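Numbering-wise, the working numbering comes out as the position in the sequence shown, counting from 1, plus 1.
Glycine is no exception: its CB is placed at the ideal position from the N, C-alpha and C atoms.
None of the values given here were measured: they were computed from a predicted structure.
Heads up, the thing below is written out as structure tokens.
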Amino acid sequence: MSRLCNRLHGAIFSAILVLLVSTPASAQFTDIVGIYFDTDYTQSDMVNPDVPHLATAYLVLHNPTQTGGGLGGWECRVAFQGYTPLTQWTLAGNAVNYKTAPEFVVGLADPLPIPGGQVMLASFDMMINEPTPFRIELLPLFHAPSIPDAMSYIPFDDKEILTPMATASGDPTAATYNWIPFCELERTTLQFGEISLGNVVHRNISVTNIGGGSLFVDPVISGAGFSLVTTGPLYVPSGQSRTISMTFTASEVGPSTGSLDLGTDCGQVILYGTGRLPISSYTISSTSHDFGNTPVGATTQFNFMFNNTGETAYGLDPRMECLEFVPSPSVPFIVAAGSMRSITVYFTPTTIGIFQCDLELGAGVTPVPVSGTGHDPSGLISVYPDAVSFGSVYGGNTAERSVLVHNGSDVSIVVHGNLQDAGGPFSMVLPAAGVDVTIQPNYSRAFLLAFSPVAEGTFANTLVFPGLGLEVLMLGYGTVPTGEVIVDPDALDFADTSVGGTTSRHLYIRNYTAADILLTPTLDPPGPNFSIYGSGEPVLLAAGASHRVDIDFHPSVIGNLTAVFRGGTDVPDVPLSGTANYNSGGLTIAPPSLDFGMRPLGSSTELELHVINNNSYAVSIQSGIDPPDGPFTLTAGGSVGVVPPASNALFRVQYAPVTEGYHSGFLNLGPDLSSVPLSGQSNADVPLCSLSSAQLDFPPTPTGGGTSLPLTVTNTGTAPLILDPEFSCTTFTAVTGPDTLEVGETAEMTVLFLPTSVGPHVCSLDLGENMCATVTLTGEAFHGVPVGQTEDVVGVYFDESFERWYISDLDDNQVFEAYLVLKQPAMPEDISGWELRMLIPEGVFLLETEYIGSGLNFMAWPDFLVGLQFPQPALPNVHLATFHFFSIALADNAPLALVPIRNPSIPDAMAISAGIEHLLRPVYPISGQPVVALLNYDSPVAVEGLVARVTDHGVELSWPVP
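In structure tokens form, the structure reads like this:
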């Protein structure tokens, strides 16, 4: 516009132009510019399909806000969309256009009057040669409009006032020609659905103008309960939509019909709605709740959420008739339709036991059952052990076990036991199931259990003590006597074995009689070709038990060799046979046989062997499994035809039994090579024993002393594994863990080497299951020489002279004492405190601890951090504490160990404090290892007292041997 003023007056605007920002055109009633096809300036849409014809249009400014002296100039651009007719423009007044139509920068030499608040700026004639619809748009100049992005004008008297112009709609479209609107409805019927009386539902319908021009819609609604939210009239531009909103309010039961009239261009929409009576419904977040164990006197809480999913209000009045349960809120209240409300129930048990109650919420609402258990607030009520095994029992016989419930609280309790599954082979003997017994504070009560199987198989049950949260798992195995002693297999064939080589086989002797039998394994003849390995000593085989015998074939001459295995007067003989030959001295088959042992039915196991050719020539291989349709399959090495010199070939055999029993076969390698015997045994439920080592080699140990090595046993089978360690000699013994391993469970036992004579010792350990390999034990003993003690050592003793480190023949429910003693203190200062942890075996329960010197323990069992009010003098035996224990179902040679506490004052060590300054000194177990005492000691070696020996191998456990 500054260019316009320059041209009219030869002057340059020096003032700063102020940009005026208008409100949306739909709300703007001043400074409006439009195009019309009538002299009244009202018709912006023209329809005349006849061609050719001439039409006249007018460019008009409405209600200008700056009118000083009339109009002085204006600028805009006119554009045609869809079709461009030929035009002839005529400017109003004494005007000059400094652009080329249809762009206009117009200056007026004389003011243009503005009668009635509107002024025509120009008119133009259009020659219409086609009936094609088109739009006429008003836009800012393409380049450098006086007001950025706007059309504008100036008054005649003050040409420095720039004022923006806009169309009435705010859209560039100012007029249309042959632009015919067309109405499209998204639907012609509208369902409001079924709603309850008094409720309101909203629905919308969309009207779209898919034609040209503006579509006029003036909605009118009729029908009971139907009303408009969107009122008209509405103008729908081309290509746009408008939404009309309605409501339906149900005022009566039954269907209602109405209509929405949208005018002649759109027609009607039929409306449907149905009224019904309100529905009452609800949900509760939990339909029951168990609070579980809660200490007596303590309070736990649980929130129930009541959700009114219906259309009527609910009046709730929470009530509970039990003192242990309290609802909140406990006064009546209303839950409106569609609302939720939380109700909290508090549980505070007053005594030990199980409590049940109903949360009553009022009429029309189902009561919610709740329960909870009050348990020992001190946490000192316990059961020991928490699992018992009855072992293997013949049908018709009975085995008994005891468990102990200890009341360590300061109140009397009433308890009873129940079997989780009644009617089986397990029973409660004394007290009977369900019979209440009272246990006084700090007292214990034994519960006697029985296992009486009548069928063969594995049985399990759980002893439950209601209200205490205590359970005991029970496990037993039932066997049925047949009166037979079975040897499986009934013959052993060792096949081809080279002279000087060894082939191993094993057999199982099973006692299915009702009495124990004595096994006396021998070979007839006892000659050099066959021998019993590691398990040839006499064995008392209990009724229902099994025993494995390993036999080696190590021929000294070639030929077909035989022998007979004799197990005793009650055991069938087993013929043994083997073929000995001279194999190629430079060819080795390792191992010479593959024994897969006992495997679960349906399992798959693979073992490997190597054919090693150390000859200077190649060896031909023709491999195959015999029999070919058995459970053995060659999975690797089948394609090997030749083993070159100085090389080896790998063969892998898979054992996949599909039937129960003993299976055997051969891996044939060719006519010039020995066949490899294959064997395996299968059952549906099989415990499998995996050992951390098949041989334990003990370090040199002094006579009268002892060393230990760990042995890890894992049940890799599909049935529980019963462990019953049996040694072939008395030089070795074991500190056992649990006597039963569940499937996948692992246990560690400690094997002790306790030599009484100088020289090498070799023994075997049979773990009592034919699924476990025999463990070879080796050790060498020498004469130990006591030397001066230079360290503080501590031990546990069972006599008042503090010499006997073991106790034997402990009965069930027997109370006994043990003494913790510091032996021969290394320095003379008085002992003012001590620190250690005591580990007791399964089957022992601590009743009470007496601290010498008025000691005070600042930790909890089994950890001790004890300070003495009265320090004890450094005598040869410093008595630190007396422990009162209770035994039940205790295994033989059960270990008691002393170890550091979890966060020791001296890293990795037990400790004592001594002297006025309470200086800390490390203290060590007197045995040189954590185990310092054995309970239920069962050994033929007589002992007098425990002595610590310092050797090249450390501090060794030793005792005199008579």
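Is it buried or exposed, His664, if we count other Cβ atoms within 10 angstroms and call 16 or more buried?
Its Cβ being crowded by 16 or more others within 10 Å, His664 is buried.
For Glu749, which residues in the same chain have their Cβ closer than 8 Å to its Cβ, ignoring the five residues on either side in sequence?
Pro711, Leu712, Thr713, Val714, Gly738.
Does the separation of the CB atoms of Leu848 and Val900 fall below 8 Å?
Taking 8 Å as the cut-off, the beta carbon of Leu848 is found no closer than this to the beta carbon of Val900.
Looking only at DSSP bridge pairs, what is Gln623 linked to?
DSSP, once it has assigned bridges, lists no residue as partnering Gln623.
In the DSSP assignment, what residue or residues form a beta bridge with Trp75?
In DSSP, Trp75 forms a bridge with Val107, Tyr154.
Own chain partners of Asp150 with C-beta closer than 6 Å, once the 5 adjacent residues on each side are dropped
If we look at Asp150 and ignore the five residues flanking it on each side, its Cβ neighbours are Pro141.
Taking Cys267 as part of the beta strand (DSSP E), name the residues at either end of that continuous run.
Secondary structure note for Cys267: it is in no beta strand (DSSP E), with a DSSP letter that is neither H nor E.
According to DSSP, simplified to helix, strand and coil, what is Gly117?
Here DSSP, grouped into helix, strand and coil, assigns Gly117 to helix.
Status (buried if at least 16 other CB within 10 Å, exposed otherwise) for Val659:
Val659 counts as exposed, since fewer than 16 other beta carbons sit within 10 angstroms of its beta carbon.
Span of the beta strand (DSSP E), counted from its first residue to its last, around Met166:
Here the beta strand (DSSP E) through Met166 covers 164–166.
Below 7 Å CB to CB, which residues in the same chain sit around Gly666 once its five sequence neighbours on both sides are set aside?
So the qualifying residues of the chain are Ile626, Asp627, Pro628, Gly631, Phe633, Leu679.
Which residue's Cα is closest to the Cα of Glu76: Thr883, Met166, Met128?
Nearest C-alpha to Glu76 among Thr883, Met166, Met128: Met166.
Within its chain, find whatever has a CB closer than 6 Å to the CB of Pro761; leave out the 5 residues flanking it on each side and keep chain order.
Once the five neighbours on either side are set aside, the close Cβ partners of Pro761 are Glu781.
Helix, strand or coil for Gln302 per DSSP?
Three-state result, Gln302: strand.
Can you list, in chain order, the residues of its chain whose CB lies under 8 Å from that of Ser413, leaving out five sequence neighbours each side?
Excluding positions up to five away in sequence, the list reads Thr439, Ile440, Gln441, Pro442.
Identify which residue in Arg838, Tyr820, Pro877 has its Cα closest to the Cα of Ile853.
Comparing Cα positions, the closest option is Tyr820.
Going by other Cβ atoms of all chains shown within 10 Å of its Cβ, with 16 needed for buried, is Ser282 buried or exposed?
Ser282 comes out exposed.
Sort out for me which residues DSSP pairs Trp835 with in a bridge.
Partner(s): Val867, Ile913.
Inter-residue Cα distance where the pair is Pro116 and Val48:
Spanning the two alpha carbons is a distance of roughly 29 Å.
Straight-line Cα distance separating Ser709 from Glu661
The C-alpha of Glu661 lies about 39 Å from the C-alpha of Ser709.
Along the chain, where does the beta strand (DSSP E) that runs through Gln192 open and close?
Taken as a continuous stretch (DSSP letters only), the beta strand (DSSP E) holding Gln192 covers 190–197.
Report, in whole angstroms, the separation of the C-beta atoms of Pro234 and Val218, which I expect to be a contact under 8 Å.
Rounded to the nearest angstrom, the Cβ distance from Pro234 to Val218 is 7 Å, consistent with a contact under 8 Å.
When Thr717, Leu724, Asp767 are compared against Gly745, the one with the closest alpha-carbon:
Residue Thr717 is the option with its Cα nearest to Gly745.
Quick one: grab the DSSP three-state call for Thr284.
In this structure, Thr284 counts as strand in the three-state DSSP scheme.
Under the DSSP definition of a beta bridge, which residues are partnered with Trp90?
Answer is Phe125, bridged to Trp90.
Kindly indicate which three-state DSSP category Ala225 falls into: helix, strand or coil?
It is coil, neither helix nor strand.
Would DSSP call Val944 helix, strand or coil?
Unreliable positioning characterises Val944 in this predicted model, as indicated by a pLDDT of 31, which lies under 50. The coordinate reading is nonetheless provided below. Correct three-state label for Val944: coil.
Considering only C-alpha positions, which residue in the set Glu918, Glu843, Pro872 is nearest to Ala890?
Comparing Cα positions, the closest option is Glu843.
Which residue comes first and which comes last in the beta strand (DSSP E) that contains Arg600?
Here the beta strand (DSSP E) through Arg600 covers 595–601.
Please list, in chain order, all residues of the same chain as Pro25 whose beta carbon is under 6 Å from its beta carbon, the five residues on each side excluded.
Note that Pro25 has pLDDT 31, beneath the 50 cutoff, so the model's placement of it is unreliable and the number below is only indicative. Gly171, listed in sequence order.
Measuring alpha carbon to alpha carbon, tell me which residue in Phe326, Val389, Leu935, Pro296 is nearest Ile353.
Closest option to Ile353, Cα to Cα, is Pro296.
Taking 8 Å as the cut-off, does the segment 824–838 touch the segment 903–912 (at least 3 CB pairs, one atom from each stretch)?
Because the criterion of three Cβ pairs below 8 Å is met, the segment 903–912 and the segment 824–838 touch.
Give the straight-line distance between the Cα atoms of Asn615 and Leu588, rounded to the nearest whole angstrom.
Asn615 and Leu588: Cα-Cα distance of roughly 6 Å.
Enumerate in chain order the residues of its own chain whose CB-to-CB distance from Leu972 is below 8 Å, with the five nearest sequence positions on each side excluded.
Nothing about residue 972 can be read from this structure; the chain reaches only from 2 to 963.
The beta strand (DSSP E) enclosing Phe1, as first and last residue numbers:
The first residue shown for the chain is 2 and the last is 963, placing residue 1 beyond what the model contains.
Return the chain-ordered list of same chain residues with a C-beta closer than 8 Å to the C-beta of Asn64, the five sequence neighbours on each side being excluded.
Exclusion of the five residues before and after Asn64 leaves Phe30, Thr31, Asp32, Ile33, Gly118, Gln119 as the residues of its chain whose Cβ lies within less than 8 Å of its Cβ.
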